[in-house]
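2 protein chains.
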Amino acid sequence: MTPDPLHRRIYADLEGRILSGELSPGARIPFEHELTAQYGCSRATVSKALSELAGRGLVTRRRRAGSFVAQPKAHAAFLAIPDLRAEVMERGQAYGYRLLDQKQRGPDGGAEIELAAGGPLLALTCLHSADSVPLALEHRLIALAVAPQAIKVNFQSTPPGTWLLDYEPWTEAENRIGAVEADALTARLLQIKPGAACLSVERRTWRDGQGVTRVRQVFPGDRFDLVALFSSAHAKDPSR
Amino acid sequence: MTPDPLHRRIYADLEGRILSGELSPGARIPFEHELTAQYGCSRATVSKALSELAGRGLVTRRRRAGSFVAQPKAHAAFLAIPDLRAEVMERGQAYGYRLLDQKQRGPDGGAEIELAAGGPLLALTCLHSADSVPLALEHRLIALAVAPQAIKVNFQSTPPGTWLLDYEPWTEAENRIGAVEADALTARLLQIKPGAACLSVERRTWRDGQGVTRVRQVFPGDRFDLVALFSSAHAKDPSR
DNA sequence: CGTCGTGGTATGTCTAGACATATTGATCGC
DNA sequence: GCGATCAATATGTCTAGACATACCACGACG
């Protein structure tokens, strides 16, 4: 009943025709002037709908040639990697956190020198738990040259991930997800048997090309799954 | 030297000020009419830049109130989960594929009944390899009620993931990533020792609410990492 | 004092055009 | 036949406005 904006309707119509297969990859989408006539609106409105479709990778637009249904490339998925504390609390569990070790030191190798950016590193080891069950062991390095305020933070009470999320914005990041077997120390801290399968998430973030932090989190394989739920109609738009 | 479109420059300027922390979460962004004056352009151009920022979750716009820097919610990461064949070939390795088992059967349990949508299921087991080294063991179910053409496909030569990607569009999907220990059969097929840590990726996809396929891929932990590289300036825009 | 309009304001949507730019397809010259 | 040139065309960008809509603040009324 609520009259959706026209450009949204056009967007939805075309999206439906693409996803239903009526318009298959490579097929040409009606010219803007045709859609203009069809919907009785101006070209700007049609163009807005097409721009959104292009932004979401459903269509490709080429000058002079027209707009076409894009070839499906890869499953591009939005993987939500929230702050662990927020994640645990959202599930209604009690979040626990313990700082195991904190020291300041220089970089010890190639990758760490790059991260350090000429300054010292803050190395933290901590343990996250949900309802008193160990959930993740975290090894984190923070480049103090880039995030000098980190020295003053009391990481006894604040998980470094939470603090960084709030105070140290990043511009690029890389996540590396893999499976590893728990070594003896990890197994003891996570209360699992040595050699058990664990999910390893290693994340590195940069701000304007300078490394900010590098973190490796190890989760017991039987206690944690990363879940990414998404739609190709896309879930990012808050207005829906 | 190339004069970028104005709306892009405005976008980049504001993005920079947000990511650098100059504009912190909750801060108000100059009104559109102020930006209009500042850049000497029309409101539509400013609005386009703000719309893109809003679309990417960096700002929130409210009528009457204005535009504000969004609260950082979660690290939302673009995780590219491409077709395995394309992935392997892109790395310059020889892609190998072998169909181990194919049968058509009815659903055997709760979740499968939901997937089957009243029809039979096609159950496939296959093995992917890179340079003759086993890379992943795949168990897949396809709902024939939704994708009837799958019966006619020769999965001896075409990996089901590749075929589905090309011919059966999806609208929603869920990825579940975890770590598991290899059971005896898996270990033998992947040529690893039983109990070795493996990365398990389970993906379910739907089209308009109807389940299309469910797949579980198991990768040896020491041979495969999922890597997600992204920037909060976001990598989806093909024009960059 | 509380509650219900009401007006002002900022964004949301849209129009009808303009010029710029890239690319295609055809024409022309060799 | 083949290559270079050129015009037609579709999209990209932008303008200067218009009306719609949501929201906040303030004031009037009970």
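Just so you know, the sequences run in chain order A and B. Counting from 1, position 194 in the first sequence corresponds to residue 371 in my numbering; the numbering is continuous, with no gaps. Counting from 1, position 17 in the second sequence corresponds to residue 194 in my numbering; the numbering is continuous, with no gaps. In this text, a Cβ means the ideal position worked out from N, Cα and C, and glycines have one as well.
As assigned by DSSP and simplified to three states, the class of residue i
{"i": "His252/B", "result": "Because the pLDDT at His252/B is just 49, under 50, the model does not fix this residue reliably, and the value given afterwards should be weighed accordingly. Reduced to three states, the DSSP call for His252/B is strand."}
{"i": "Pro202/B", "result": "coil"}
{"i": "Leu376/B", "result": "strand"}
{"i": "Val400/A", "result": "Reading the sequence as shown, one finds Arg at residue 400/A and not Val. Looking at Arg400/A - three-state DSSP - the assignment turns out to be coil, as it is neither helix nor strand."}
{"i": "Ser219/B", "result": "coil"}
{"i": "His184/B", "result": "helix"}
{"i": "Gly232/B", "result": "helix"}
{"i": "Gly243/B", "result": "strand"}
{"i": "Ala350/B", "result": "strand"}
{"i": "Gly426/A", "result": "A query on residue 426/A cannot be resolved here, the shown segment of chain A reaching from 178 to 417 and no further."}
{"i": "Ala356/A", "result": "strand"}
{"i": "Gly193/A", "result": "helix"}
Within chain A, partners of residue i - CB distance below 8 Å
{"i": "Glu358/B", "result": "Ala373, Ala374 and Gly398"}
{"i": "Arg275/B", "result": "The premise fails here: Arg275/B is roughly 22 Å from chain A at the closest Cβ pair, so nothing lies under 8 Å."}
{"i": "Arg262/B", "result": "Simply none; closest approach about 11 Å."}
Distance between beta carbons of residue j and residue i, contact taken as under 8 Å
{"i": "Gln326/A", "j": "Leu276/A", "result": "Gln326/A to Leu276/A, Cβ: 17 Å. No contact."}
{"i": "Leu196/A", "j": "Arg384/B", "result": "7 Å"}
{"i": "Pro297/B", "j": "Leu312/B", "result": "At roughly 29 Å, the Cβ-Cβ gap does not stay under 8 Å, so Pro297/B and Leu312/B are not in contact."}
{"i": "Leu191/B", "j": "Ile206/B", "result": "7 Å"}
{"i": "Arg238/B", "j": "Leu227/B", "result": "6 Å"}
{"i": "Ala356/B", "j": "Ala189/A", "result": "Wrong, their Cβ atoms sit about 39 Å apart, outside the cutoff."}
{"i": "Leu318/A", "j": "Leu367/A", "result": "The pair is not a contact, with the Cβ atoms about 20 Å apart (cut-off 8 Å)."}
{"i": "His316/A", "j": "Thr335/A", "result": "With 8 Å as the limit, His316/A and Thr335/A do not qualify as a contact, their Cβ atoms being about 17 Å apart."}
{"i": "Phe136/B", "j": "Gly217/B", "result": "Absent from the structure is residue 136/B, since the part of chain B shown begins at 178 and ends at 417."}
{"i": "Leu261/A", "j": "Gly338/A", "result": "6 Å"}
Proximal residues of chain A, C-beta to C-beta of residue i below 7 Å
{"i": "Gly198/B", "result": "Pro346"}
{"i": "Arg419/B", "result": "No answer is possible for residue 419/B: the residues shown for chain B start at 178 and end at 417."}
Per-residue contacts from residue i into chain B (C-beta, under 8 Å)
{"i": "Val404/A", "result": "Glu351, Asn352, Arg353 and Ile354"}
{"i": "Arg205/A", "result": "Result: empty, since nearest Cβ-Cβ is about 18 Å, beyond 8 Å."}
Chain B residues whose Cβ lies nearer than 7 Å to that of residue i
{"i": "Arg365/A", "result": "Within 7 Å Cβ-Cβ: nothing; Arg365/A doesn't reach chain B, min ~17 Å."}
Interface partners of residue i on chain A, CB under 9 Å
{"i": "Arg239/B", "result": "Those within 9 Å of Arg239/B in chain A number zero; the least Cβ separation is about 11 Å."}
{"i": "Arg317/B", "result": "Chain A residues near Arg317/B: none, gap ~14 Å exceeds 9 Å."}
{"i": "Arg194/B", "result": "Those do not exist, as Arg194/B stays about 11 Å from chain A at its closest Cβ, beyond 9 Å."}
{"i": "Arg220/B", "result": "Chain A residues near Arg220/B: none, gap ~13 Å exceeds 9 Å."}
Chain B contact residues for residue i, given Cβ-Cβ distances below 9 Å
{"i": "Arg393/A", "result": "Correct list: empty, because the minimum Cβ distance to chain B is about 12 Å."}
{"i": "Arg282/A", "result": "Correct list: empty, because the minimum Cβ distance to chain B is about 26 Å."}
{"i": "Arg186/A", "result": "Residues of chain B passing the Cβ test: none, with the nearest at roughly 17 Å."}
For this session: Pair every Cβ in the stretch 293-311 of chain B with every Cβ in the stretch 229-246 of chain B, then say whether three or more of these pairs are closer than 8 Å.
Result: no
Problem set entry | Inside the stretch 269-329 of chain B only - alpha helix (DSSP H) runs reaching at least 4 residues | 287-293
Problem set entry | Three-pair Cβ contact test at 8 Å for the stretch 363-375 of chain A versus the stretch 333-351 of chain A | no
Exercise. Touch check for the stretch 378-394 of chain A and the stretch 280-295 of chain A: three-plus C-beta pairs under 8 Å?
Worked result: yes
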